[in-house]
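Just add 18 to wherever you are in the sequence shown, counting from 1, and you've got the numbering used here.
Glycine included, C-beta positions come from ideal geometry on N, C-alpha and C.
This report refers to the structure that appears directly beneath it.
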Amino acid sequence: MAACFPNNQGQEQQEVELSTEQNNDDGSLRAHVVKLLNGGDAHLYFDDLNDGFPIERCGEKIHGLPYTAWQVLEHLRIAQWDIIEFARDPNYVSPSFPEGYWPKEDGNPKLWQASLTKIREDLNQIVATVSDTTNDLLAPFPHGTGQTLLRQALLIVDHNSYHLGSLALMKRLLQ
Ligand code: NI
Numbered sequence: 019m020a021a022c023f024p025n026n027q028g029q030e031q032q033e034v035e036l037s038t039e040q041n042n043d044d045g046s047l048r049a050h051v052v053k054l055l056n057g058g059d060a061h062l063y064f065d066d067l068n069d070g071f072p073i074e075r076c077g078e079k080i081h082g083l084p085y086t087a088w089q090v091l092e093h094l095r096i097a098q099w100d101i102i103e104f105a106r107d108p109n110y111v112s113p114s115f116p117e118g119y120w121p122k123e124d125g126n127p128k129l130w131q132a133s134l135t136k137i138r139e140d141l142n143q144i145v146a147t148v149s150d151t152t153n154d155l156l157a158p159f160p161h162g163t164g165q166t167l168l169r170q171a172l173l174i175v176d177h178n179s180y181h182l183g184s185l186a187l188m189k190r191l192l193q
């Protein structure tokens, strides 16, 4: 998982052939994306993760793994925030990689809860943005290289899923 990060910039982007025509008749698409962001029908991924997680051990190194559970959680938070800010603010500058995407400290229960609270807040923000029918899902950002709101939302889903999988395993190893 060392080199994983959701690249907004710095990578050759493929030309995206998407209509820039505004289309507000896409309620079903929005609903699907929101469902993915929230983690499915009946449960929320982050609630499942936190439920029973031995957070007193979230700052412990696990044999054979380069990061603590909190570092992975905080990396997820930073990346999600980075993707959201890139979509929101044309003047946003991403942190340098990799040091800006991975915290140096090992973490503790207080930091765990802070990361989780912020992740939920930021997730609510992108859900609200995607749900707002005045925002075009498919229009490339004027400041981007083909990024759209849909793509950024799916990037969050993809990146969160990847690291939530790691965290689910770490939860078992630490229990
Ligand atoms: Ni990553």
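Item to check | Cβ-Cβ separation, C76 to W120 (assumed contact under 8 Å), whole Å | outcome: Not really, about 15 Å apart at Cβ, beyond 8 Å.
Item to check | From L191, H93, T166 and G164, residue whose alpha carbon lies closest to that of D124 | outcome: H93
Checklist entry - How many angstroms separate the CA atom of P160 from the CA atom of R95? => result 25 Å
Checklist entry - Hey, Q89 and I174: beta-carbon distance below 7 Å or not? => result no
Next on the checklist: Please list the terminal residues of the continuous alpha helix (DSSP H) segment that includes A105.
Outcome noted: A87 to R106
Checklist entry - Rounded to the nearest angstrom, how far is the Cβ of L192 from that of E78, given a contact under 8 Å? => result 7 Å
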